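**Student:** So for the sequence shown, full-length UniProt numbering puts the first residue at 1; every next one is plus one.
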Amino acid sequence: MKMDQIINQPVIETERFDLRPLRRSDKGLIELYAGDVRVARMTTTIPHPLPPGSTEAFIARVTSPQRDEDVWAIDGSRTGGDELKGLISLKKLDSRQSEIGYWIAPAFWNTGLASEAVQALLNANPLGNTSIFASVFQDNPASAQVLTHCGFRYLGDAENYSVARDATVPTWTYSRKL
Numbered sequence: 001m002k003m004d005q006i007i008n009q010p011v012i013e014t015e016r017f018d019l020r021p022l023r024r025s026d027k028g029l030i031e032l033y034a035g036d037v038r039v040a041r042m043t044t045t046i047p048h049p050l051p052p053g054s055t056e057a058f059i060a061r062v063t064s065p066q067r068d069e070d071v072w073a074i075d076g077s078r079t080g081g082d083e084l085k086g087l088i089s090l091k092k093l094d095s096r097q098s099e100i101g102y103w104i105a106p107a108f109w110n111t112g113l114a115s116e117a118v119q120a121l122l123n124a125n126p127l128g129n130t131s132i133f134a135s136v137f138q139d140n141p142a143s144a145q146v147l148t149h150c151g152f153r154y155l156g157d158a159e160n161y162s163v164a165r166d167a168t169v170p171t172w173t174y175s176r177k178l
């Protein structure tokens, strides 16, 4: 019998969902949603199409004790909703700072889910951060609105490479002091 490793990462409860560590059983829904070109194109790291084995490798990386990023599933099953509605993460930087990233499955767009997940993670502050940074592609104003709604301040324009687009894309960058 193979046992899953226990991840030292808190579960964060909200009224509508829990933010919980990923588990191997999330593979199918992550592949379904992250495999959607509309999701992949708005991230820096998700390729499109998803190569075989990439989801398993992702889950193994973010559940490893040596990880540099904590990733939570947005799980609505406790309140009768879907088991996985998207992902949200904190990538550790220097000096008690992290970079937040998130994606929401298209079926749950325009429901306030992203704003609620970002705010829940900020309120919990599980890494004890003093600052959180974020960047969004400039052709994704909905994601920029999530950040400003959650108290992030605009820092300026930059660029990031998108694997799905195979291109460098203009971004807006933001920060939030905690």
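The beta carbon of each residue, even a glycine, is placed where N, CA and C say it ideally should be. Since this is a predicted model, take the numbers as computed values, not measurements.
Closest to Cys-150 by C-alpha separation, out of Leu-93, Tyr-174, Ser-95 and Pro-21, would be which residue?
**Tutor:** Cα-wise, what sits closest to Cys-150 is Tyr-174.
**Student:** May I have a chain-ordered list of the beta strand (DSSP E) segments no shorter than 3 residues that lie completely inside the stretch 98-153?
**Tutor:** Qualifying beta strand (DSSP E) stretches, in chain order: 131-137.
**Student:** Please classify Met-3: does DSSP put it in a helix, a strand, or coil?
**Tutor:** Confidence in Met-3 is poor, its pLDDT being 46 and thus under 50, which makes the residue's placement unreliable; the coordinate value appears in the next sentence. Coil.
**Student:** Would you kindly check if the distance between the Cβ of Ala-158 and the Cβ of Ser-143 is under 8 Å?
**Tutor:** Cβ distance not < 8 Å, so Ser-143 and Ala-158 don't count as in contact.
**Student:** Reducing DSSP to helix, strand and coil, say where Asp-18 ends up.
**Tutor:** It is a strand residue.
**Student:** Grouping DSSP H, G and I as helix and E and B as strand, with all else coil, what is Ile-59?
**Tutor:** DSSP places Ile-59 in helix when its eight states are reduced to three.
**Student:** Taking 8 Å as the threshold (C-beta atoms), are Leu-178 and Arg-132 in contact?
**Tutor:** First, the amino acid is wrong: residue 132 is Ile here, not Arg. Yes, these two residues count as a Cβ contact at 8 Å.
**Student:** How do the stretch 26-39 and the stretch 88-97 stand: do at least 3 beta-carbon pairs fall below 8 Å, yes or no?
**Tutor:** Short answer: they don't touch.
**Student:** Thinking Met-42 and Asn-140 are a contact (beta carbons under 8 Å), I'd like their distance in whole angstroms, please.
**Tutor:** Confirmed, Cβ separation roughly 5 Å.
**Student:** At the level of alpha carbons, what is the spacing between residue 195 and Thr-168?
**Tutor:** With the chain running from 1 to 178 in the structure shown, residue 195 is simply not present.
**Student:** What's the gap between the Cα of Asn-110 and the Cα of Pro-65?
**Tutor:** Computed Cα separation, rounded: 34 Å.
**Student:** Between the C-alpha atoms of Asp-26 and Leu-84, what's the straight-line distance to the nearest angstrom?
**Tutor:** Distance between the alpha carbons of Asp-26 and Leu-84: 7 Å.
**Student:** Assuming Leu-90 and Asp-70 are in contact, meaning their beta carbons sit under 8 Å apart, how far apart are those beta carbons, in whole angstroms?
**Tutor:** Confirmed, about 5 Å.
**Student:** Going by beta carbon distance, what residues of the same chain come within less than 8 Å of Thr-55, once the five residues before and after it are set aside?
**Tutor:** The answer, listed in chain order, is Lys-27, Ile-30, Glu-31 and Ala-34.
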